[in-house]
Amino acid sequence: MRIATWNINGAKARLDGALTWLKETNPDVACFQEIKSSNEAFPAAFFEELGYHVAVHGQKGFNGVAVLSKRRFDEVVVRGLPGDDGDAHARYIEVVVPNGSGIVRIGNLYLPNGNPIGTDRFAYKLAWMRRFEARVRELLDLEEAFLLMGDYNVIPESADAKHPDAWREDALFQPETRAAYRALINLGLTDAVRACQPEAGVFTFWDYQAGAWQKDHGIRIDHILLSPQAADRLLGAGIDKFTRGWEKPSDHVPVWVELQDG
DNA sequence: ATGGTTGGTAGCCAA
5 MRIATWNING
15 AKARLDGALT
25 WLKETNPDVA
35 CFQEIKSSNE
45 AFPAAFFEEL
55 GYHVAVHGQK
65 GFNGVAVLSK
75 RRFDEVVVRG
85 LPGDDGDAHA
95 RYIEVVVPNG
105 SGIVRIGNLY
115 LPNGNPIGTD
125 RFAYKLAWMR
135 RFEARVRELL
145 DLEEAFLLMG
155 DYNVIPESAD
165 AKHPDAWRED
175 ALFQPETRAA
185 YRALINLGLT
195 DAVRACQPEA
205 GVFTFWDYQA
215 GAWQKDHGIR
225 IDHILLSPQA
235 ADRLLGAGID
245 KFTRGWEKPS
255 DHVPVWVELQ
265 DG
């Protein structure tokens, strides 16, 4: 089964592009981030027409995540990242979908950007990452196949940026940010794209500004992390770079994995 | 060093 993630940067602005991409690549599951839409305003009916079941954790104007699945799923495990009842940002939704005779759990995340550094926004990013690690530890105890995918807003290594020095003062490339991400990997998760495309210069984001796309000034910040049981089933991973060249593109491109059916 | 662009929403914020 193909499972994909895409920061679409606005469900309304990207509706045509998202539908075109779904028809062209036909993922079994698609996770969207930055839908910038309430649950009510999310255009679920258009996706349902393509055969998807839809679960949304929306927020008007900012943030917001959604999961589309061709296989019917009953279980939305959580809406909103656990661990802080005072956090109103819609940045996490977790579902369980069928995979053959088994199941696969999918956490769809939109990790805080955290800029500028030295502000409460950066502190919020790091606190969010600590809460996320706590959730990952709970999931690992279940010893099941799960994927944690989305816009991590983390550049893991220098090889994940065309010009790493341009990001030295950025929240996405701070030592604390990278250490918090590394801590997740060190729990035993597999970075699917790293495993399948270990070369430098594989990017998922190009800024709208300053001709970043034309100059290939990209970064890799959208990731799919696999539990050991999911990694056992990994057949391939890739990036749909072609969408960045479309009319009215998102500044992010989709990332996907192919998993063996269970 | 600055400004460059896009999206959502209503005179700016977030990225």
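Numbering-wise (this note's numbering), the first sequence opens with residue 5 and increments by one.
Using N, Cα and C, we set each Cβ at its ideal position, and we do this for glycine too.
All figures in this text were calculated on a predicted structure; none of them were measured in a lab.
Item	Value
Supposed close pair Thr9, Asn103 - CB separation, criterion 8 Å	About 17 Å; that fails the 8 Å criterion.
For Met133, the residue or residues it bridges with in DSSP	Per DSSP, none; premise fails for Met133.
Residue range of the unbroken beta strand (DSSP E) whose run includes Glu262	259-263
Residue of Glu203, Asn30, Met133 minimising C-alpha distance to Gly87	Met133
8 Å contact criterion, which Gly118 and Ala165 should meet: CB distance rounded	Not really, about 16 Å apart at Cβ, beyond 8 Å.
Coarse secondary structure for Arg76, derived from DSSP in three states	coil
Leu152, buried or exposed, once every other Cβ within 10 Å from all chains shown has been counted against 16	buried
Inter-stretch contact at 8 Å, needing at least 3 Cβ pairs: the region 188-197 / the region 229-239	yes
Complete alpha helix (DSSP H) runs within the region 41-107 (minimum length 4 residues, chain order)	48-53
Whether His61 touches Gly90 by CB criterion (8 Å)	no
C-alpha gap between Gln218 and Asn13, whole angstroms	20 Å
Same chain, Cβ closer than 7 Å to Ala204, neighbours up to 5 away in sequence not counted	Ala163
Three-pair Cβ contact test at 8 Å for the region 138-147 versus the region 249-264	no
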